[in-house]
Each structure stands twice: as structure tokens, then as C-alpha cells.
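Residue numbers (my numbering), protein chains in the order written: chain Y, 1 to 387; chain G, 1 to 387.
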């Protein structure tokens, strides 16, 4: 009998920490937890979508049913993010890792310069991927600090006139985030004439932001806005006219914008799922309401860290992420035991990335308050037993 | 009240042509119909996948649950297609349209030549997409024949030493297929030293084929092997060492092969769906059994065409597709009426592509015999009323 099976046979028993629905609390860094009401709706609509007599998995990307779904997804996305008409909302494939090269391929000439702020594992990869397309340089490098924080403005060394500056708003692996004390978005002051490109994979739509501060925002959907298989790209229209090199049609932002994300068959179901999540965000009251809840959820766990001599957080306080809480016990052996015992108590995917070790609790929009409370309770109890 | 709602309120009533499950018969060219038992399983497992307590949409691509799903999908694919160990089975994103440029980008040097056999709309696009990567030329062009058939060997004019020959085994829009009289796969006799690249989007795993005849086979999953958002790529290992140019990691077959389709977060759910469809194919008895059924299914509709002076087929008989049956009535007005009345009788997505006009019935693996019978009956009845 697997541990998960044990869990379910305990339903209604004495074990405290588990979802009211009988499922595990899923702290995965991504793909991650979805709102359960969204999953329930998807269950129905893969059989029959919007009373069409055809499930969403089987609908043509040109059928009226999907037309409506795509258009509503774009409209709802605009409503959530207050995205003005001079920005395009695109759904693309290939993950954020593809955006890492699509950004310079589409926007950076071979003789032009772009600045990268390297605040984590993926920011390092992003910088590497960009190197074949132009003169890219690191305006700040967080490696010497083990990526425990993001930089202050005074620490960043800009090029004389970078076309753009690339940043990553939340660093999933290290658990750091560009934030002010209240958890809202802080941005670097970039050189005049540059525009910001932001990898927002792990915190998009978890708090308000003004898209007008950016030329491009991109995010794989699988953390806060849907499932793996689609990426959301917000791009300012004037950038679509940049053409530093010939590219296959499938790799051109302007083609994706012109064809409204349907140059070829798009990932129908992942787009549908983002649409359901957008409607869920609107029902929650939008980004302000979600941010308040996310602050409160993360505080449940950070409060345990702050009142403990047993647990150590990885991130420095001023850069602590509201989405990914990284911490460790005094030993690797206890870390392993923590992960195992948490699993038996109904909490899955708490093991940290190999780059940091320890534990990581990803508490995206869809993680219920109860999941964070259950984890905080478990942490206190574990410390009592092993501290 | 929509037509689909009318349909459902008729359930159990006098209307003859509709699925036993109460859903529409879905003749979409793709994304298209799935086996209903596969849809039912997906409904359960997006709530809780393999008793993990976590739904498949929320599982990490590195989690043990998805490890097993991915490995089983590859193994089942190898079993179905008898794919030997010196071929890789890859799951990629971006659709077959991306494969159109990935093939020459990865396999063709700027000074090398590749031959393209242009047998349809997508074959035309494929040829266009390849042009930025090398010397590509059309060894045969079906446009003057309105793509009513694929070529005989004697009609194809090869280059002196093409690196590869690109073909499309089934032309979805025109309803033609490379086939022998019994419906099995016919291949062009290519120049020695070349290898075949085949776009098998709309007939992969609908009939037996020997992958050893090909260097590369690719197919978007959304017709016969799953849902939109993932493409299946079968590639001979020796081709992975070709490196005609520098490419971003995400565009390299060798990186996808090395990282077993997980260089970054792959489209978890679309891969899962292909895995379910592969297991369904095995339960049906494999490709031989499916082929026999597909021959019989298509015959139900072609028999109506062959015994009618009312309907005209688009494809010449020797090239008629077992997957996409293209036909028209004597007038566009009757074509429109056919599509509308068929919809009211429970059959959706019968309108032909704008390139051909008329009707198209896509009868992929998952289209039940009953759907083809219902369409054939409807065609006869429509002819009686309007012929």
C-alpha cells in the first residue's frame, strides 16, 4: 500500500493535515496546484464543453466553441491585468525556456546590447540562452551571494545603452522575489531608452503589476495561470516591428500577434485551462484580493521560521518570496525525514531543488489557506519532536 | 436554444444519427475525436492520478507519477510501432508546423539539397518553411492537379543527391493518402543515400508502417494520437549527430533526445493523453486491427460516393484517404444545407476546408463504426431528398 493510499484510507480519521477533498496538499514548484473548482469544471467539459456535444479536448481550434474560449481568455486576462490595447496577449508553446531565446531573437540586433540581472537558476539559463543573439551582459550577478536576495539599484551596473533589461520577478528555486516590504512589486530603475523584459513565471497574477512598466512579460502557465504546455506573453505593440534577423514564422512574435496565437494549431486545452483560471481570479476579486491572501498565506510559514532556531530560511528577509518559501532543518537527515513525514501527513512535493537542498513550499494562488496552516502546524510539531 | 441543445433534448427520441453517449459524432479534421473510454479515464485522473492524491494537471514533470507516465508512453509507442532501439521517441511542442522548420534547421546544411514532394496544403507550407535553411526544391508539385492524387514514382524528378526527401503521408485537406489498393502505406522510391522525412500528422498509427523506412517521422498528436499541444517525433539516432548550424537548445533534436523530452517543462497533460491513446491502441489489437477497421469505416462512406451521381469525391480513387473523405454535392447551396442538416442530426464538423469547399468527413481511429454508418445513412437520405 502506497503512502498516498494510506492517506486516503485515513480519511475522516485522526490525521490533521490534509485537504478537505481528500487530495494531497500539493506544494509543487510547478506544474503546481490548481483551484479545485477549476479542476471540477474541466472534468465536466472534457466530456461536453459548453453544451456543444463535444469535449474541449476534441474541439477544433477553429470551432466557434474555441473561438469564444480564446477570446474570453484574452479579454479576462486584460481585465485582470488592466492590460491596455497597445499590448498583445499571446499564448505560445515551448515554455518560458523558449522565451529565453525568442526575446533576443526577435528584439535584439547582433550589434546591440541587452543587460541581464541574474538573480537565480533560471535567470542564469536565460542569460546563457541569449548569448547567441547579441551582446548580452550581466548587469548584476547573484551567484556570489548564493542568490539569497535580489539587488538594490545601486548595485546594478548598466551598459551605456542597453536595448532592454531582463529580470526575473520571482526566483522559484531560491525563493526570492523583487518586492517592497508589503510584498508588492519593486522594479529596478533602468537606463532611459531601455525597456524591461520580465520572466514572471512563478508570480504572474499573484499580485498587481502595471504592464506599462514592461516591454515584454512572459510566464509559463503551470504555476499561477494554468497548466504546462502554454506560455502567456504580454508584449508592447511597437516592439513587434523590430526585426533584427530572419526567423521561421513560428518563432516570430509578430506572426503570433497577427494570427492571434493561432498561426497553427495552438495548445487548445492548456489555453482553455488558463481561461478557467482567469475567470477564477476574477471571482476571487482580482489581483489585489489575491495579493492580500498570498501575503497572509506566506506569513503563516515565515512566522514559523522567524520564531524558530531549528529552521533556517534561504532567502534574506527583504527578498523573501510570497510564492516559494525555502528553508532547511539543522541536517540533511532531518530534511529527508521532514519531507517523508510531511508526505505521510498529506503534504506532497516539499523537497527543495538540488541547487539549494532543504525544503521548498510553493504556495501559489491556488494553494488554499488551509494548506499553509497545515504546513505551519506540521513545522511546529516537527520542531517540537526533533528540535 | 442552440442546435446542440435541441439535439440533447432529443435524446432517446426519434432522431437516428447520434452517438450512444449523447454526444455529437465529431468529424473534425483535428483536433478531433478521442476514444470515449480515454476521455472518461482523463476525467477521473485530472482529479486524482494513479492514486497519488494529485491530479495529472497538477503533477510536476519531475514527479514519480509523471516519470512512469512518460516512460510508459514511450514504451507503448515503441510497442505499437515496432520502433527499434536506434530510434528516439520524442514529445515536442510547437506543432508539426514547427517540425517544418526544425527538420531542415537540424538536418540540412546551407549548401545541401533536400527534395520535397508537394501533395497538399500543408506540404506546400512545409516546403515554404524549409526555404531559409538550404537548397530545397520540389521534386513533384501536385498543385496543377488540384492535389487530387499523390504521384507515381515515374513522375517524381529527384535532385542528384538530396540529403533527405520530405513527404506527407496523408493530406488532410484534400483527402489523399500514399496508399496501395488495400489501403496500406506506399512509399516513393527515393535516391540512394537519402533518407525519408514524413509528416504523418493525419494518419500516424492508423495503419502499420516500418519506421526503418524513415529517418524522421513527425505528427501533431491531435488527430490520431492525442490532443493539441504535443507532437510525436520519431528520429533515427545517427541523424542526431548532424549539426549544420548553431541553434538554441530548445530547437535541437539532440537536446530533446538527450533530455528525454524534458529539457524544460514539457506539456505534461498532452503527453499523458498520448499515453492513454497508446494504451487504447494496444487494447484494440494494434495497428493491423485498427487498419482493418479503418478500411471498413472509410468504405461505408466511399461506397455511397461510388454508387451516387449526386456526390462527387475530390480525390482520385487510387489516392483516396482512409482518414479524410472529401466530397461535394452538385451545388454550394446544397453543400451548406448538407452541413446544417447533418449537424441537426448529430454530426458536427463536416464542412470542407476553404481550399476544397464541399464536405470533409475525418474518420480517425477514434471515430466509431456507428459514426460512419450514421453518416453514410444520412448521405443516402439527403441524396434521396435532394438528388
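Glycine included, every Cβ here is placed at the ideal spot set by N, Cα and C.
Computed from a prediction, not measured in an experiment: that's the story for all the values here.
Taking 8 angstroms as the upper bound for CB-CB distance, residue 169(Y) and residue 178(Y) are in contact here, some 5 angstroms apart.
With a cutoff of 8 angstroms on beta-carbon distance, residue 329(Y) and residue 335(Y) are scored as near each other. When secondary structure is reduced to three states using DSSP, residue 100(G) falls in the helix class. Between the alpha carbons of residue 382(G) and residue 34(Y) lies a distance of about 47 angstroms. For residue 181(G), the number of other beta carbons within 10 angstroms of its own is below 16, and it is reported as exposed.
Neighbours of residue 47(G) in chain Y, taken as residues at a C-beta separation under 7 angstroms, are given in chain order as 39 and 43. Spanning the alpha carbons of residue 132(Y) and residue 64(G) requires a straight line of approximately 35 angstroms. Rounded to the nearest angstrom, the gap between the Cα atoms of residue 364(Y) and residue 251(Y) is 30 angstroms. Interface residue (Cβ-Cβ distance to chain G less than 8 angstroms): residue 136(Y) is not classified as such. Going by DSSP, residue 216(G) is part of the beta strand (DSSP E) stretching over 216 to 220. Per the coordinates, the alpha-carbon of residue 102(G) lies some 17 angstroms from the alpha-carbon of residue 92(Y). Short of 7 angstroms from the beta carbon of residue 298(Y), and not among the five residues preceding or following it, lie these beta carbons of its own chain, in chain order: 322, 325 and 363.
Shortest Cα-Cα distance from residue 120(Y) to any of 149(Y), 86(Y) and 54(Y) involves 149(Y).
At the C-beta level, residue 239(Y) and residue 216(Y) come within 8 angstroms of one another. No Cβ of chain G is located within less than 8 angstroms of the beta carbon of residue 111(Y). Every beta strand (DSSP E) stretch that sits fully inside the stretch 91 to 148 of chain Y and reaches 3 residues is listed by chain position as 113 to 118 and 135 to 141. The DSSP-derived three-state label of residue 259(G) is coil.
Taking C-alpha positions only, residue 356(Y) is separated from residue 272(G) by approximately 30 angstroms. Sixteen is the threshold: when 16 or more other Cβ atoms of the shown chains lie within 10 Å of the Cβ of residue 134(Y), as they do, the residue is buried. Per DSSP, reduced to three states, the secondary structure at residue 49(G) is coil, with no helix or strand assignment. DSSP places residue 364(Y) outside both helix and strand once states are collapsed to three, so it counts as coil.
Among the CB atoms of chain G, one or more fall inside 8 angstroms of the CB of residue 246(Y). Residue environment for residue 193(G): exposed (fewer than 16 other C-beta atoms within 10 angstroms of its C-beta). In chain order, 300, 301, 303 and 304 place their CB closer than 8 angstroms to the CB of residue 376(Y), counting only its own chain and leaving out the 5 sequence neighbours on each side. At least one beta carbon of chain Y lies nearer than 8 angstroms to the beta carbon of residue 97(G). In the structure shown, the three-state DSSP call for residue 176(G) is strand.
Contacts between residue 54(G) and chain Y, judged by CB atoms closer than 7 angstroms, involve 23, 24, 26 and 348 in chain order.
Here residue 386(G) carries a helix assignment [DSSP, helix/strand/coil]. The Cβ atoms of residue 38(G) and residue 277(G) lie closer than 8 angstroms to each other. With the criterion set as a beta carbon lying under 8 angstroms from some beta carbon of chain G, the members of the stretch 255 to 282 of chain Y are 263, 264, 265, 266, 267, 268, 269, 270 and 273, in sequence order. For residue 222(G), the neighbours in chain Y by C-beta distance under 7 angstroms run, in chain order, 265. The DSSP-derived three-state label of residue 234(G) is strand. Chain-order list of chain G residues neighbouring residue 101(Y): 248 and 250, by C-beta distance under 7 angstroms.
Sequence-distant Cβ neighbours of residue 209(Y) in its own chain, meaning closer than 6 angstroms and more than five residues away, are 185. Cα atoms of residue 122(Y) and residue 171(Y): separation of roughly 8 angstroms, rounded to the nearest angstrom.
Straight through space, the alpha carbons of residue 160(G) and residue 60(Y) are spaced by roughly 41 angstroms.
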